[in-house]
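384 is the number of the first residue of the sequence shown in the working numbering; add one for each residue after it.
Beta carbons are placed, not taken as given, at the ideal position from N, Cα and C, and that holds for glycine.
See structure below.
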Amino acid sequence: MFDKFRDECGVFGICGHPEASNLTYLGLYALQHRGQESAGIAASDGVLVRHSKAMGYVNEAFNAETLARLPGRLAIGHVRYSTAGESKVANAQPILIDSIHGQFAICHNGNLVNAGDVRDELIRQGAIFQTNTDTEVVVHLFARSKHESAEQAIVDAISQVRGAFSFVMLTKDKVIGARDPHGFRPLAIGRLGEAWVMCSETCALDLIGATYVRDVEPGEVVVASAAGLKSLKPFAPAPQSQCVFEHVYFARPDSYVFGESVNEVRTNLGRRLAQEMPVPADVVVPIPDSGVCAAVGYAEASGIPMRMGLIRNHYVGRTFIQPQQSIRHFGVRVKLNPVKSIIEGKRVVLVDDSIVRGTTSRKIVRMVRSAGATEVHMRISCPPTVSPCFYGVDTPRRSELIAATHTLEEIRKYLGADSLSYLSLDGLTGAVSGGPSKYCTSCYTGVYPVAFPRDEAAYLQLALKLNTDGSTQERSESTVSARVPNSVAG
Ligand code: SF4
Numbered sequence: 384m385f386d387k388f389r390d391e392c393g394v395f396g397i398c399g400h401p402e403a404s405n406l407t408y409l410g411l412y413a414l415q416h417r418g419q420e421s422a423g424i425a426a427s428d429g430v431l432v433r434h435s436k437a438m439g440y441v442n443e444a445f446n447a448e449t450l451a452r453l454p455g456r457l458a459i460g461h462v463r464y465s466t467a468g469e470s471k472v473a474n475a476q477p478i479l480i481d482s483i484h485g486q487f488a489i490c491h492n493g494n495l496v497n498a499g500d501v502r503d504e505l506i507r508q509g510a511i512f513q514t515n516t517d518t519e520v521v522v523h524l525f526a527r528s529k530h531e532s533a534e535q536a537i538v539d540a541i542s543q544v545r546g547a548f549s550f551v552m553l554t555k556d557k558v559i560g561a562r563d564p565h566g567f568r569p570l571a572i573g574r575l576g577e578a579w580v581m582c583s584e585t586c587a588l589d590l591i592g593a594t595y596v597r598d599v600e601p602g603e604v605v606v607a608s609a610a611g612l613k614s615l616k617p618f619a620p621a622p623q624s625q626c627v628f629e630h631v632y633f634a635r636p637d638s639y640v641f642g643e644s645v646n647e648v649r650t651n652l653g654r655r656l657a658q659e660m661p662v663p664a665d666v667v668v669p670i671p672d673s674g675v676c677a678a679v680g681y682a683e684a685s686g687i688p689m690r691m692g693l694i695r696n697h698y699v700g701r702t703f704i705q706p707q708q709s710i711r712h713f714g715v716r717v718k719l720n721p722v723k724s725i726i727e728g729k730r731v732v733l734v735d736d737s738i739v740r741g742t743t744s745r746k747i748v749r750m751v752r753s754a755g756a757t758e759v760h761m762r763i764s765c766p767p768t769v770s771p772c773f774y775g776v777d778t779p780r781r782s783e784l785i786a787a788t789h790t791l792e793e794i795r796k797y798l799g800a801d802s803l804s805y806l807s808l809d810g811l812t813g814a815v816s817g818g819p820s821k822y823c824t825s826c827y828t829g830v831y832p833v834a835f836p837r838d839e840a841a842y843l844q845l846a847l848k849l850n851t852d853g854s855t856q857e858r859s860e861s862t863v864s865a866r867v868p869n870s871v872a873g
């Protein structure tokens, strides 16, 4: 809620509906949790592609007038939280260009690890960049492609980038979705009457009344047009690395991502946590909203009743003015308040999905104690987060991740909890179908499936060694298995 990895971006596209831009607006509404800095829509009436984008939430970026200026049966949209490039409207998406292949708009969820190198090379060749996002390199590669058709030029462009991408792209008569060969970020396909829909999470399909059909497969390019849906498999197969954190925290619990119910996976994480890390207690209290599903599972498996012992104020917006330093501890209390009748005189199990810096968790533990808890046991439904992400998620430097720099006992003491336990890595990967071979777990292990530039690694304070297969492995004294046990009691 306050001290978390930041969501990346959300993408949406629809082909073959007379209300395409209005439905895209609604779809972006459902995906708002994936990015709150800017929103944009591009729409095509079959002749001309138009677009509109602005800073802020979806409802701030659009109104009836702006949507009316986006006519047509095809549209794509984007909500952004900047993982690459500054937060400014020039960096908002979709990026729209005119080229030898016709107009082209693109929305991106992910992070291209070779974007810097490709950009430098393009600039050497005379390219002029309008934004400082990684996505713009794809636009240049598309425009320069020697292939005849726009479709072939798109495949040519995206086959030159590496890293995490779920793209939704638009030409005057096609909506094209593409997922990188590792499948880092999700991309679902839905059907609304005769229209095809593509989106980051199925909650966007639910909102517009569309039916979930399947996911875009890792390495697949799907082309929706008046002729129907076409599937291309232009990339060599690669080991799958779907982001397990989508299930842990990012995705909405009412979504299906990677073909699985987020709610079911998250509840299962809680069940496994209770089995691995039991503790005698009177009440299970979730940290809202992030800990709710896991707390349900923890309560179910442990037999300890779950109660909403912390109430969240849903009306604290971005405009909340931080008080002076001297009274800043009110910052958490303005968002969360303990229910004394549930907590007083009880042994409390506090359940959350992750700890990043630990600053907010510490305040919550204090708050629960001051509400009269006799014991506070912290349970986290994923392993300790010890390494930053390079695949489309905003994470702090390694030195700011509390589990990367402190032992479990040090973290427990810092939080002021009576005990602290995390779910094991096996517990996490055992809760998702396909197991560890299908998922990226780099932020828990420091082992990276796709190599990234060393200057970025240096910035994030990683000591890196390339594996023989070209992937990257962090060599440090504080990887999960080497240093951080899963549980400690004070
Ligand atoms: S490093 Fe973590 S957040 Fe990033 S893609 Fe891998 S599992 Fe997801």
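- Start-end ranges of the beta strand (DSSP E) lying completely within the region 462-530, minimum 3 residues: 478-482, 485-495
- Task: Run the CB neighbour count on Thr594, radius 10 Å, all protein chains shown included, and call it buried at 16 or more, exposed below.
- Result: exposed
- Message: Which residues does DSSP list as the beta-bridge partners of His565?
- Response: Paired residues: none, contrary to the question.
- Message: Check this for me: beta carbons of Ile541 and Ala561, under 8 Å apart or not?
- Response: yes
- Inter-residue spacing [alpha-carbon to alpha-carbon] between Val538 and Leu791: 47 Å
- Query: Considering only residues of the same chain and omitting the five flanking positions on each side of Gln625, which have a CB-CB separation below 7 Å?
  - Reply: Cβ neighbours of Gln625 beyond the five flanking positions: Gly566, Phe567, Phe641, Lys821, Tyr822, Cys823.
- Message: Given the structure, does Phe835 come close to ligand 1, in the sense that its CB is under 7 Å from one of the ligand's heavy atoms?
- Response: no
- Query: For ligand 1, is there a heavy atom less than 7 Å away from the beta-carbon of Ser549?
  - Reply: no
- Task: Output yes or no for whether 8 Å exceeds the beta carbon distance between Ile478 and Val522.
- Result: yes
- Item | In DSSP terms, what Glu758 is bridged to | Arg730
- Task: Find the nearest neighbour of Ile725 within the set Gly755, Ala422, Ser744, judged by alpha-carbon distance.
- Result: Gly755
- contact_flag[the region 805-816, the region 742-757] where n(CB pairs < 8 Å) is 3 or more: no
- Would you give the residue range spanned by the beta strand (DSSP E) that Ser870 belongs to? 870-872 is the extent of the beta strand (DSSP E) around Ser870.
- Message: Check whether chain C comes within 8 Å of Val496, counting only Cβ atoms and requiring the distance to be less than that.
- Response: The structure shown has no chain C; it contains just one protein chain.
- Query: Hey, how far is the Cα of Tyr681 from the Cα of Ser638?
  - Reply: 21 Å
- Task: Give the secondary structure of Gln419 by DSSP, where H, G and I count as helix, E and B as strand, and everything else as coil.
- Result: coil
- Task: Tell me, to the nearest whole angstrom, how far the beta carbon of Tyr797 is from that of Arg745; I am working on the premise that it is less than 8 Å.
- Result: 6 Å
- Query: Looking at the structure shown, is Thr851 part of a helix, part of a strand, or coil, going by DSSP?
  - Reply: Interpretation of Thr851 is limited by its pLDDT of 38, a score under 50 that renders its predicted location unreliable; the figure taken from the coordinates is listed afterwards. Looking at Thr851 - three-state DSSP - the assignment turns out to be coil, as it is neither helix nor strand.
- Message: Could you check whether the region 481-497 touches the region 766-774, counting it as contact only if at least three pairs of C-beta atoms, one from each stretch, sit closer than 8 Å?
- Response: Here the region 481-497 makes contact with the region 766-774; the two share three or more CB pairs at distances below 8 Å.
- Can you list every residue whose CB sits closer than 5 Å to some heavy atom of ligand 1, going in chain order? Cys626, Val627, Phe628, Cys772, Tyr774, Val776, Cys823, Ser825, Cys826
- Message: Need the endpoints of the alpha helix (DSSP H) that Gly653 sits in, please.
- Response: 645-659
- Task: Pull up the DSSP beta-bridge partners for Val546, would you.
- Result: Strictly speaking, residue 546 in this sequence is Gly, with Val absent from that position. Gly546 is bridged to Leu495.
- Between the Cα of Val420 and the Cα atoms of Leu719, Glu391, Pro671, His630, which residue gives the shortest distance? Residue identity check: residue 420 is Glu in the sequence provided, not Val. Nearest to Glu420 by alpha-carbon distance, out of Leu719, Glu391, Pro671, His630, is Glu391.
- What first and last residue would you give for the alpha helix (DSSP H) that runs through Lys746? 742-753
- Item | Pair within 8 Å by beta-carbon distance, Gly396 and Val606 | no
- Would you give the residue range spanned by the beta strand (DSSP E) that Cys826 belongs to? Unbroken run through Cys826 is the alpha helix (DSSP H), 825-828; no beta strand (DSSP E).
- Message: I need the DSSP call for Lys613, collapsed to helix, strand or coil.
- Response: strand
- Does DSSP put Asp736 in a helix, in a strand, or in coil? coil
- Message: According to DSSP, is Ile537 part of a helix, a strand, or is it coil?
- Response: helix
- Closest by C-alpha distance to Val666, when choosing among Val648, Arg655, Lys723, Arg695: Lys723
- Query: If Val815 sits next to Val627, beta carbons under 8 Å apart, how far is it from one beta carbon to the other, in whole angstroms?
  - Reply: With a Cβ gap of about 6 Å, Val815 and Val627 count as contacting.
- Item | Span separating the alpha-carbon of Lys555 from that of Arg433 | 10 Å
- Message: Assuming Thr594 is part of the beta strand (DSSP E), what are its boundary residues?
- Response: 594-598
- Task: Output the boundary residues of the alpha helix (DSSP H) element that contains Ala796.
- Result: The identity of residue 796 in the sequence shown is Lys, whereas the question assumes Ala. Segment 791-798, the alpha helix (DSSP H) holding Lys796.
- Item | Cβ-Cβ separation, Asn646 to Pro636 (assumed contact under 8 Å), whole Å | 4 Å
- Task: State the CB to CB distance for the pair Ala677 and Asp736, rounded to an integer number of angstroms; the pair is presumed to be in contact (CB under 8 Å).
- Result: 6 Å
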